[in-house]
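Shown next, in structure tokens, is the structure this report addresses.
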Amino acid sequence: MTQTVKQVGEMQVRPVLSPGDQELFLDVPSVVYAGDRHWVPPLRSSIAKYFKPENTFFEYGRLQQFIATRFGPNGTQPVGRVVAAVNDRLIAREGENIGLVGFFECIDEAEVGKALLDSACDWLRQQGMTQARGPIDLSTHNNCLFLVDGFDSMPYMMMPYNPPHYPRLFEQHGWQKAKDAYAYLLDLTKPLPPEFERAYRIASKSGITFRNLRLKGDEFIEDCTAIYHLFNKAFANNWSSTPRTLEEFLEEAKSLQDIADADIFVIAEYEGEMVGFFMALPNYSPVLQKVNGKLDWLGILKFLWYRRSIDTGRVVAICSLPEYIRKLVPMAVIYLGREGGVTKRKPYREAELSWVYEDNMPSRKIIEATGAKIYKTYRIYEKIL
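Per our numbering, the sequence shown starts with residue 397, numbered consecutively.
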């Protein structure tokens, strides 16, 4: 299968085929975001791991990385990158040959963006794909979405961030909006409406019990296993989502174990069975920005020092089995999650609830009932190949 090199003036787009190309691929963000005070550099190792043979993605998918370079006074400089991927789980779920485009980073030049996107789309066509969707880094469980509104603040933990020109580069080359998603901001210094505490009282009287996530040893694995099964039941029909194995889920959970805060992770149970949860994490973005993508000995010292100042959090998921929504479990876990965050010795002052698709009205309704307001908009694009 051919993988051509595209030459546009002094700029070249080629497949990543060598260790040197891989280093240039990982270098691109530092070029694009130079001087951007809102950018949070990801850990370099966290991006590199996606392309290692042991990544379980390669059991059900395939990908090709592309790098755009330009020769300058200091030698070869990276100016953009992209990854084209085929996720067989997504194709099986949606019944269409949908390819994915992700890991997109690019300087603000239309010709560079076009060459990168053309290379990705050409590769997807060679794989038999008839449609492309992105930005999605292999699956929506990873980084996805472009920020299209709300560029004036740092992204919260594990949320995407990009320059304003990224959506324009996609739209200039025939990509169209597939779906928007929102991030809400909630002021935790203000109490929730009284209905939330009332919901907690009513749910408790109906026999539902509440506790916090257990973070130690086998108990952590037991809780995460139950969360995995509940998550699959509750979110099985999420758009563009693909199923994960328990092994994949637990691997991600373990990577977050050391930074989780049990006080803001609430579990609802009925007769010993998990029926709902409120999943929130401390917002480590300001800490990671100080580390600058490197966890060497100095980075670790900075991480430990600055983590003490965290006073914001991100609500990742509010989940309930359908039959327990009527028993007010979602409102009850929101109430307890907020209480757990504001009664700490160093209370959380603000929370982002993200992300929720624009057409997910049941979730948006309960989020908006808290008083939270939309403050960022994100988008996924599609293109017919």
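The beta-carbon is built from N, C-alpha and C at its ideal position, and this holds for glycine as well.
Open item on the list: Determine whether the beta carbon atoms of A481 and G491 lie at a separation below 8 angstroms.
Closed with: No; because the gap between Cβ atoms is not below 8 angstroms, this pair is not in contact.
Open item on the list: Quick check on the burial criterion: 16 or more other C-beta atoms within 10 angstroms. Buried or exposed for W571?
Closed with: Buried.
Task: Touch test, the region 547-563 against the region 720-733, Cβ-Cβ under 8 angstroms, three pairs minimum - done: At 8 angstroms Cβ cutoff, the stretches do not touch.
Open item on the list: Let me confirm a value: V711 is counted as buried when at least 16 other C-beta atoms fall within 10 Å, else exposed. Which label applies?
Closed with: buried
Open item on the list: Quick check on the burial criterion: 16 or more other C-beta atoms within 10 angstroms. Buried or exposed for K779?
Closed with: In the assembly as shown, K779 is a buried residue. Its beta-carbon has 16 or more other beta-carbons within 10 Å.
Open item on the list: One question on the structure: do F462 and A516 come within less than 8 angstroms of each other, judged by their Cβ atoms?
Closed with: yes
Task: Element boundaries [beta strand (DSSP E), containing P758] - done: Element bounds for P758: not the beta strand (DSSP E) but the alpha helix (DSSP H), M757 to A765.
TODO: Use the C-beta contact count for K698: other C-beta atoms within 10 angstroms, 16 or more gives buried, fewer gives exposed.
DONE: Buried, by the Cβ-count rule.
Open item on the list: Could you tell me the alpha carbon to alpha carbon distance between L439 and V687, rounded to whole angstroms?
Closed with: 9 angstroms
TODO: Kindly indicate which three-state DSSP category F453 falls into: helix, strand or coil?
DONE: helix
Open item on the list: Buried or exposed, going by whether 16 or more other CB atoms sit within 10 Å of the CB of S716?
Closed with: buried
Task: Bridge partner(s) assigned by DSSP for P474 - done: T465
Open item on the list: Quick check: what's the CA-CA separation for G546 versus L512?
Closed with: 26 angstroms
Task: Proximity winner among Q523, K740, L582 and N756, relative to Y457 (alpha-carbon distances) - done: It should be noted that the sequence gives Gly, not Tyr, for residue 457. Nearest to G457 by alpha-carbon distance, out of Q523, K740, L582 and N756, is Q523.
Task: Pairwise C-alpha distance: P437 and A444 - done: 13 angstroms
Task: Where the beta strand (DSSP E) through K612 begins and ends - done: Counting along the chain, K612 falls outside any beta strand (DSSP E), and DSSP gives it neither H nor E.
Open item on the list: Using only the alpha-carbon positions, how far apart do F566 and D504 sit?
Closed with: 12 angstroms
Open item on the list: So, for T773: in the same chain, excluding its five sequence neighbours on each side, which residues have a beta-carbon less than 7 angstroms away from its beta-carbon?
Closed with: V544, D545, G546, D576 and Y578
- [ ] Could you tell me which of L413, F542 and F606 sits nearest to F674, measuring between CA atoms?
- [x] F606
- [ ] Compare the beta carbon distance of L749 and Y580 with 8 angstroms and say whether it is the shorter of the two.
- [x] yes
Task: Complete runs of the beta strand (DSSP E) confined to the region 631-696 [at least 3 residues] - done: Contiguous beta strand (DSSP E) elements confined to the region 631-696 occur at 661-666 and 669-678, taking only those with 3 or more residues.
Task: Simplified DSSP assignment, three categories, for F583 - done: As written in the sequence, residue 583 is Asp, which differs from the Phe given in the question. The answer is strand: DSSP assigns D583 an E or B state.
Task: Counted within 10 angstroms of its Cβ, other Cβ atoms place T739 as buried (16 or more) or exposed - done: exposed
- [ ] List the endpoints of the continuous beta strand (DSSP E) containing M407.
- [x] M407 to P411
Open item on the list: Nearest by alpha-carbon distance to E406: which of V479, E507 and P587 is it?
Closed with: Per the Cα distances, E507.
- [ ] Count the other CB atoms, across all protein chains shown, that sit within 10 Å of the CB of M757; report buried if there are 16 or more and exposed otherwise.
- [x] exposed
Open item on the list: At the level of alpha carbons, what is the spacing between L422 and A599?
Closed with: 49 angstroms
- [ ] Kindly indicate which three-state DSSP category Y720 falls into: helix, strand or coil?
- [x] Looking at Y720 - three-state DSSP - the assignment turns out to be helix.
TODO: Tell me where the alpha helix (DSSP H) around R489 begins and ends.
DONE: D484 to E490
TODO: Go through its chain and collect everything with a Cβ distance to Q568's Cβ below 7 angstroms, but skip five positions before and after it.
DONE: A506
TODO: Taking K690 as the reference, give the member of S636, S426, V404 and L413 with the closest Cα.
DONE: S426
Open item on the list: I'd like the list of long-range same chain contacts for K586, defined as Cβ closer than 8 angstroms, with 5 residues on each side in sequence excluded.
Closed with: G767
Open item on the list: For a quick check, are the C-beta atoms of L611 and Q653 less than 8 angstroms apart?
Closed with: yes
Open item on the list: Among the candidates I776, K769, R775 and S414, whose CA atom is the shortest distance from the CA of D583?
Closed with: K769
Task: Short Cβ contact (8 angstroms threshold) for I660 with A649 - done: No, these two residues do not count as a Cβ contact at 8 angstroms.
TODO: Please determine, among P560, V412 and Y731, the residue with the shortest C-alpha to C-alpha distance to W435.
DONE: P560
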